[in-house]
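**Student:** In full-length UniProt numbering, the protein residues as written are 1 to 245.
Built from N, CA and C at the ideal position, the CB exists for glycine as well.
Just so it is clear, the structure is predicted and the values come from calculations on it, not from any experiment.
Just dropping this structure here.
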Ligand SMILES: C[S@@+](CC[C@H](N)C(=O)[O-])C[C@H]1O[C@@H](n2cnc3c(N)ncnc32)[C@H](O)[C@@H]1O
């Protein structure tokens, strides 16, 4: 059984979108993963196919109805049980590589995309949804967030990346940002490639890359650097870098 994603959305035509191209798209065509986008409106019960209503307590905007969303969730769970049910929301825990790895290692996921003001709280609780955010900003809908989460997971599935990339050395793989990359020409606009990369000395290259990864993480992402060292209170690990002015 291949990794199976179901997206519950008011805009199923947004899928697979960019995931139909490149490595993810080839994987989809080869059956290495499956994707269904289900129209939330199909689970409405009135003749207007209403999915939302005004918020109790007043205020602007509309809220997705719990009964409609619950029926869509039941349908998705029946099509593939044991998958995490994830509501994409700026109120959720931030998506990171650890969570991506966890979801990619499972049987797939069910992703609920909100719109308007979001979703009635009761169905989030009744279905014990995991709430996940793709960043501290507000999108107009959960669909771009679902695409981000799916892209990050799918590239980790067996047979998707092949030899084209090494998941072990990437940014966030072991809590560090990646070292910088260089390719031909060796000299460009007066800028040279670091000498060690032309040396052919593999151990030296590996040492240089490790040092660059550590420097980049320390300077750009002190939060990751502290976590990497597991010493959350040791401020002496924070060396100000050129971007920290
Ligand atoms: C306009 S937003 C609703 C924002 C909500 N009223 C709030 O302030 O938290 C509509 C939908 O976009 C999605 N969304 C917006 N920002 C997101 C983010 N950072 N991560 C994941 N989903 C997001 C959610 O599904 C949300 O229900």
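(1) Using the rule of at least 16 other Cβ atoms within 10 Å of the residue's Cβ for burial, across every protein chain shown, is residue 94 buried or exposed?
(2) With distances taken from CA atoms, which of 186, 98, 140, 105 is nearest residue 33?
(3) Nearest to residue 217 by alpha carbon, out of 202, 179, 199, 192?
(4) At a cut-off of 7 Å, is residue 142 close to ligand 1 when judged by its beta-carbon and the heavy atoms of the ligand?
(5) With a 10 Å radius around its C-beta and 16 neighbouring C-beta atoms as the bar for buried, classify residue 118 as buried or exposed.
(6) Could you compute how far the alpha carbon of residue 85 sits from the alpha carbon of residue 214?
(7) Closest by CA to residue 22, which one among 161, 1, 36?
(8) Report back the beta-carbon spacing between residue 124 and residue 6 to the nearest angstrom; my notes put them in contact at under 8 Å.
(9) Count the other CB atoms within 10 Å of the CB of residue 246; is the residue buried (16 or more) or exposed (fewer)?
(10) For residue 75 and residue 39, I'd like the C-alpha separation in whole angstroms.
(11) Under a Cβ-count criterion, where at least 16 other Cβ atoms within 10 Å of its own Cβ denotes burial, should residue 89 be classed as buried or exposed?
(12) I need the boundaries of the alpha helix (DSSP H) containing residue 172, first residue and last residue.
(13) Tell me which same chain residues have a C-beta within less than 8 Å of the C-beta of residue 205, skipping the five on either side of it?
(14) I'd like to confirm something about residue 63: is its beta-carbon nearer than 7 Å to some heavy atom of ligand 1, or not?
(15) Secondary structure at residue 235, three-state DSSP: helix, strand or coil?
(16) Between the segment 138-155 and the segment 12-31, are three or more C-beta pairs nearer than 8 Å?
**Tutor:** Put simply:
(1) exposed
(2) 105
(3) 179
(4) yes
(5) buried
(6) 36 Å
(7) 161
(8) Actually they are not in contact, since the Cβ atoms of residue 124 and residue 6 sit about 17 Å apart, beyond 8 Å.
(9) Nothing in the structure corresponds to residue 246, since the chain is present only between 1 and 245.
(10) 11 Å
(11) buried
(12) It is not in any alpha helix (DSSP H) - residue 172 carries neither H nor E in the DSSP assignment.
(13) 196, 197, 199
(14) no
(15) Below a pLDDT of 50, predicted positions are generally treated as unreliable, and residue 235, at 49, falls in that range; no measurement from the model is reported.
(16) yes
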